[in-house]
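Numbering (the numbering used here), first residue to last: 2 to 595. By construction, the Cβ of each residue, glycine as well, lies at the ideal position given by its N, Cα and C atoms. To keep things clear, I will list the structure first and then write my remarks on it.
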């Protein structure tokens, strides 16, 4: 064994440590650290190329992450997930889970975790997260736990479920294939599932009860209290709530919704009812009541104009300025016909203000209107009537394309799950279909992608390549083998898992599989142990990728939606890694009688 690493290997190890420290310290943005890492690799290998390589080879290694299939796959999956959201395709599933969560939030969260675990045993874990991610975000908007407190635990459940079978992740297949090439008999699909199931039961209390408490609340509602809007509902479509008295209907409504009008008899078609609530509560209540918050003829005309122009209908907030012509007028007398005002948030500045607190009262300076329409009409309305357009515009779901979006996603996931095509191809094809069919507007694709995630993926691919090609991974493996000869079997298994876990969290799981599997065979010969438990220790270690966002693509997929920082992964992931290593190494020791 070489006692000292090569200069390139040592530099790669130091750069990986520096990148990790930069991420963990939080002193600079993730994008800056990622770009600095890529720059250091590019410059270092240009002036000091690896043995047998040209300076331009180092540039290719440093920047190839931006064109890597993993990055393309993740971006395509983000786009398909965006298609499901903007078409409202997952709203029924979200409402079904919401009903479970309404029984009890803890029970609903547990059901979600178990569902994620079981699905990822049979389907590749990345499509499982892509399917659940928009649903969990919608659940958070409907009053469930904040997305930042649920996405990381659900991702952990998905990763553990993917560990339980050879088809759960592509990494499992890679380890099993390498081990078979080296002489290990074939391993069945569910050969090691019982070991993972028991370990999952050990880890479940931590994932379910502890992990959410360690995560911040990054939801918008946690940073600012949402505005309460007054609106006038027109009951225009029949629902099962019609014909029931108001007292019975109230219990079916969202928590932050209220009826401002007293109705003597049951609710009936054609009624106008004064209501109030947050934007999300008004949307859900309107669906349940079969109501619209503006004249039906006006909404129909807006949708016709949007279809004719090929644009989305947007919902924006607009503040009324002091010189607006709307001050002192009501919505009925303001002559608004190119857009629809669906809610009014009154700015009540004086205790003695006598305005009625409803959507039909005269408008005043500082009131915020909730307005829907196409972008050009919204901009013209704001300019003509001296309104200030606020941030936070939202697209109205294109529900006519919801079935198409589900079909595209199902086709992409299905083809990848049965192994007919790689996930990179099916995801890219699905993203293209989302554009071609209009489920996702090309000019709005930026909303689906996260620059932070893109640069982070490119940097992680580059650091993984340099660790492997510089010989740093091989040197670390030799060092590991030298020190394990004095440990008991459980300690050997735990040490291998820990070593591979470090590789998979700071390089890539493919690198960890490629380096760790041969090391397992070498250790089996040197220590006189059976090779299968050592190979399984490598396989399990490749899946313990909870501690950094760069460890696995699903970690990066949740980073933007949960607004996570690098330290959030460390805070929650390191304890879970420790729990799983102890449980899995102990279970392997008992199963193989070591």
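Bounding residues of the beta strand (DSSP E) (the contiguous stretch that carries residue i)
i, result
"residue 235", "230 to 236"
"residue 542", "Element bounds for residue 542: not the beta strand (DSSP E) but the alpha helix (DSSP H), 532 to 544."
"residue 388", "388 to 390"
"residue 305", "Taken as a continuous stretch (DSSP letters only), residue 305 belongs to no beta strand (DSSP E), being part of the alpha helix (DSSP H) at 297 to 310."
"residue 487", "Neither: residue 487 is in no beta strand (DSSP E) and is coded neither H nor E."
"residue 575", "Not the beta strand (DSSP E): residue 575 falls in the alpha helix (DSSP H), residues 567 to 592."
"residue 548", "Per DSSP, residue 548 belongs to no beta strand (DSSP E) and is neither H nor E."
"residue 259", "258 to 260"
Three-state class that DSSP yields for residue i in the structure shown
i, result
"residue 272", "coil"
"residue 222", "A caution first: residue 222 carries a pLDDT of 49, below 50, which makes its placement in the model unreliable, though a value can still be read off. In the structure shown, residue 222 sits in a helix (DSSP, three-state: H, G or I)."
"residue 321", "strand"
"residue 375", "coil"
"residue 84", "helix"
"residue 520", "helix"
"residue 504", "helix"
"residue 197", "helix"
"residue 315", "strand"
"residue 191", "coil"
"residue 204", "helix"
"residue 133", "helix"
"residue 292", "strand"
"residue 1", "Since the first residue of the chain shown is 2 and the last is 595, residue 1 is not available in this structure."
"residue 177", "helix"
"residue 364", "coil"
"residue 343", "strand"
"residue 277", "strand"
"residue 437", "helix"
"residue 74", "helix"
"residue 494", "helix"
"residue 264", "coil"
"residue 369", "strand"
"residue 167", "coil"
"residue 333", "coil"
"residue 99", "helix"
Min CB distance residue i to chain D below 9 Å
i, result
"residue 537", "Of the protein chains in this structure there is only one, and it is not chain D."
Close Cβ partners of residue i (< 7 Å) along its chain, the five nearest in sequence each way excluded
i, result
"residue 240", "289, 290 and 291"
"residue 223", "Unreliable positioning characterises residue 223 in this predicted model, as indicated by a pLDDT of 43, which lies under 50. A coordinate reading is not provided."
"residue 185", "532, 533 and 536"
"residue 245", "267 and 268"
"residue 363", "329, 330, 331 and 356"
"residue 262", "274 and 275"
"residue 216", "149, 150, 153, 569 and 573"
"residue 377", "none"
"residue 320", "367, 369, 388, 389 and 391"
"residue 210", "none"
"residue 121", "129, 159, 162, 163 and 169"
"residue 334", "none"
Residues near residue i by beta carbon distance below 6 Å, same chain, minus five either side
i, result
"residue 460", "35, 38 and 39"
"residue 360", "231, 232, 233 and 345"
"residue 191", "166"
"residue 112", "101"
"residue 505", "513, 543, 546 and 552"
"residue 407", "90"
Inter-residue CB distance, residue i and residue j (contact presumed, cutoff 8 Å)
i, j, result
"residue 431", "residue 409", "5 Å"
"residue 1", "residue 367", "Coverage of the chain is limited to positions 2 through 595, which leaves residue 1 absent and any answer about it impossible."
"residue 88", "residue 140", "About 18 Å separates the two Cβ atoms, so there is no contact after all."
"residue 109", "residue 101", "5 Å"
"residue 383", "residue 14", "Not a contact, Cβ separation roughly 56 Å."
"residue 386", "residue 327", "6 Å"
"residue 514", "residue 176", "5 Å"
"residue 494", "residue 586", "4 Å"
The alpha helix (DSSP H) enclosing residue i, as first and last residue numbers
i, result
"residue 157", "148 to 164"
"residue 34", "31 to 48"
"residue 67", "No alpha helix (DSSP H) holds residue 67; DSSP gives it neither H nor E."
"residue 247", "247 to 251"
"residue 559", "554 to 563"
"residue 213", "212 to 215"
Neighbourhood of residue i by C-beta, 8 Å cutoff - its chain only, sequence neighbours within 5 removed
i, result
"residue 322", "366, 387, 388 and 389"
"residue 314", "303, 304, 307, 373, 374, 375, 396 and 397"
"residue 299", "338 and 341"
Please confirm if the region 145 to 154 is in contact with the region 562 to 573, defined as three or more CB-CB distances below 8 Å between the two stretches. yes
Are the region 571 to 590 and the region 538 to 553 touching, with three or more C-beta to C-beta distances below 8 Å? yes
Any 3 or more C-beta pairs closer than 8 Å across the region 253 to 261 and the region 276 to 283: yes
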